[in-house]
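One structure is given below, encoded as structure tokens.
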Amino acid sequence: MFGLIVLTFLLLPTGTAPPLISLGLAALVWIISGKIRCIPSIVRQSWFYPVIPFLVLPWAGLLYSENFDLGMDYALKTKYWVAVFLTAGIAFDEKRLTFLLKWFWAGLLMGAFLALIQFVGIMPPIKEGFLGFGVVHTLICMYLIIGIMMASFYFKKAESWQSKLVLFFLILAFVFHLAVLKGRAGYLIFAILSPLVANNLMNKFSVKLKILMSILLVGLLLLSPVVRAVIKDTVTTLNEQKEKILKGENVDKAPRFFMVHETVEIILAHPFIGVGTGGLAEITKAKGHMVEHPHNNFLYMGASYGIFGIAACFWLFWSMVKISWKSRKTALGYFAFSTCIVLFLGGMFDTQILNTGTLLFLSLTYGLLNHLGNPVD
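When we follow numbering that gives the first Met the number 0, the leftmost residue of the sequence shown carries the number 0, and every step to the right adds one.
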């Protein structure tokens, strides 16, 4: 079962189907082995309580949704939260996490190498505009940044220069892959979190050197012609379309502003219970541009379930960061903290709790909180 969970992390950077198959097999072993019997013990743990709204609200929201088909599709995604029980219900220590991360890094490294040979023209991209395994930017950027943060954590702990060299190489490889992707949110999140990475890399040095390292890390991104082109195109679009954006009109090259505008109006009109699971699409369709989800975790939860949805989202991430922060000096704690902070920020630019890859990552890592306190046998 642990091996299949490790395989899931290895395969996450490759797409959606491979990790789902691996995790499905892990769940099968979980059932057959009798580990499923630990569910009552897990659900009684206080750290688990914030997961409950994510299991209940999508189904409750179907009762008043105007788009039952899409709502059912979203409600069925609650099955991915079973991953919480998988990682919470088996033995998980620092040694096992290190083993898991090595394979996760291996998957990211394969993707970075593939992106390199595609970038230089040796082979064509698997999917046009998505270097690496062809995974969309909103997913692979999150994986890469978490990989960078964990490599920097182990860099700080490493005693031999050989280990530090390998870990620094991994960081450079992941930054390169990030720099050849057209993921604007990824650039911004990496820039925000670069001080944490710099602090780990320059742990024994002065604050000035840590600040300099943070600037250098962001500078590495700006060396990429892809990053510069994306930033330039974004600024040009914002300048050209600022009047339409300010009026809340739809702009093809910058649709997120329209999504945010429409979603906020829906939240204000339905502040208590929202418009139900999938209901956002039906309401916005009348405006000429259907918005299935607003590319924001908190806006999605607010539009769908009102203040209860927004509160549930903040409760989950607050619980995760509070528990993991107390154990941030351990690999398990820092991994949970890194995942929490990256997906929290990523959730401002995409609906991570609906994307299969990031939802799996969140639920698998959330289960590790059980091992930061008293583990369930």
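Beta carbons: idealized from backbone N, C-alpha and C, even for Gly.
* Straight-line CA distance for Gly247 to Phe257? -> C-alpha separation (whole angstroms): 5 Å.
* Asked: With C-beta atoms as the reference, is Glu281 less than 8 Å away from Asn66?
  -> Yes, Cβ-Cβ distance for Glu281 and Asn66 is below 8 Å.
* To do: Using a threshold of 8 Å, state whether the C-beta atoms of Pro17 and Leu24 are closer than that.
  => Inclusion of Pro17 and Leu24 in the CB contact set at 8 Å is not warranted, their separation being larger than that value.
* **Identity of the residues DSSP links to Thr126 by a beta bridge** => Reading off the sequence shown, one finds Lys at residue 126, where the question assumed Thr. The beta-bridge partner set that DSSP reports for Lys126 consists of Phe129.
* Check Phe316 in the structure and name its three-state DSSP category. => The answer is helix: DSSP assigns Phe316 an H, G or I state.
* Asked: Helix, strand or coil: how does DSSP classify Arg43 here?
  -> Three-state DSSP puts Arg43 in coil, outside helix and strand.
* Asked: Buried or exposed: where does Val81 fall if 16 or more other Cβ atoms within 10 Å of its Cβ makes it buried?
  -> Per the 10 Å Cβ criterion, buried.
* alpha helix (DSSP H) runs contained entirely in the stretch 155-216, provided each spans 4 or more residues -> Counting only unbroken stretches of 4 or more residues, the alpha helix (DSSP H) elements lying wholly within the stretch 155-216 are 160-178 and 183-200, in sequence order.
* Asked: In terms of residue numbering, what span does the alpha helix (DSSP H) encompassing Glu264 cover?
  -> For Glu264, the enclosing alpha helix (DSSP H) begins and ends at Arg255 to Ala268.
* To do: Under 8 Å by Cβ, that's how I've got Glu158 and Ala330 pegged, so tell me the actual separation to the nearest angstrom.
  => Beta-carbon to beta-carbon, Glu158 and Ala330 are separated by about 15 Å, too far to satisfy the 8 Å threshold.
* Alpha-carbon spacing of Val135 relative to Leu115, whole angstroms -> A direct Cα-to-Cα measurement between Val135 and Leu115 gives close to 17 Å.
* To do: Report the rounded CA-to-CA distance for Pro194 versus Met141, giving the unit in angstroms.
  => Computed Cα separation, rounded: 17 Å.
* Anyone know if the C-beta pair for Ala87 and Gly366 falls short of 8 Å? -> When the beta-carbon positions are compared, Ala87 and Gly366 come within less than 8 Å of each other.
* Asked: Alpha carbon to alpha carbon, what distance is there between Leu164 and Val290?
  -> Straight-line Cα distance between these residues: approximately 46 Å.
* Burial state of Ala285, where buried means 16 or more other Cβ atoms lie within 10 Å -> Ala285 comes out exposed.
* Asked: Would you report the Cα separation of Leu222 and Leu237, rounded to the nearest angstrom?
  -> Spanning the alpha carbons of Leu222 and Leu237 requires a straight line of approximately 23 Å.
* Are Ile139 and Leu180 closer than 8 Å when you measure CB to CB? -> Yes, these two residues count as a Cβ contact at 8 Å.
* Asked: Ordered along the chain, which non-local residues of its own chain (more than five positions away) have a Cβ less than 7 Å from that of Arg227?
  -> Contacts found: Leu221.
* Asked: On the premise that Trp102 lies in contact with Leu169, defined as a C-beta separation below 8 Å, what is that separation, rounded to the nearest angstrom?
  -> For Leu169 against Trp102, the beta-carbon gap comes to about 13 Å, at or over 8 Å, which does not count as contact.
* Any chance the CB of Ser64 is under 7 Å from a heavy atom of the ligand ATP? -> Although the ligand ATP was asked about, the structure shown includes no ligands whatsoever.
* Does the separation of the CB atoms of Leu61 and Gly70 fall below 8 Å? -> With respect to the 8 Å criterion, Leu61 and Gly70 are classified as neighbours on the basis of their beta carbons.
* Boundaries (first-last residue) of the alpha helix (DSSP H) holding Phe271 -> Note, Phe271: premise wrong, no alpha helix (DSSP H); not H, not E.
* Less than 8 Å separating the beta-carbons of Thr276 and Tyr73? -> Taking 8 Å as the cut-off, the Cβ atoms of Thr276 and Tyr73 count as close.
* Tell me the start and end of each unbroken alpha helix (DSSP H) in the stretch 29-79 that is at least 4 residues and wholly inside, in chain order. => Counting whole runs of 4 or more residues, the stretch 29-79 contains the alpha helix (DSSP H) stretches 38-42, 51-59 and 67-74.
* **Contained beta strand (DSSP E) runs [length at least 3] in the stretch 317-374, N- to C-terminal order** => The stretch 317-374 contains no whole beta strand (DSSP E) run of 3 or more residues.
* Distance, Cα to Cα, Val174 vs Leu143? -> Roughly 8 Å between the two C-alpha positions.
* Asked: Which word fits Gly278, buried or exposed, when buried means at least 16 other C-beta atoms lie within 10 angstroms of its C-beta?
  -> By the 10 Å Cβ count, Gly278 comes out buried.
* Mark Ser205 as exposed unless 16 or more other C-beta atoms lie within 10 angstroms of its C-beta, in which case mark it buried. => With fewer than 16 other Cβ atoms from the protein chains shown falling within 10 Å of its own Cβ, Ser205 counts as exposed.
* Buried/exposed call for Trp317, threshold 16 Cβ in 10 Å -> Per the 10 Å Cβ criterion, exposed.
* To do: Would you identify the three-state DSSP class for Val378, choosing helix, strand or coil?
  => With the chain covering only 0 through 376, there is no way to say anything about residue 378.
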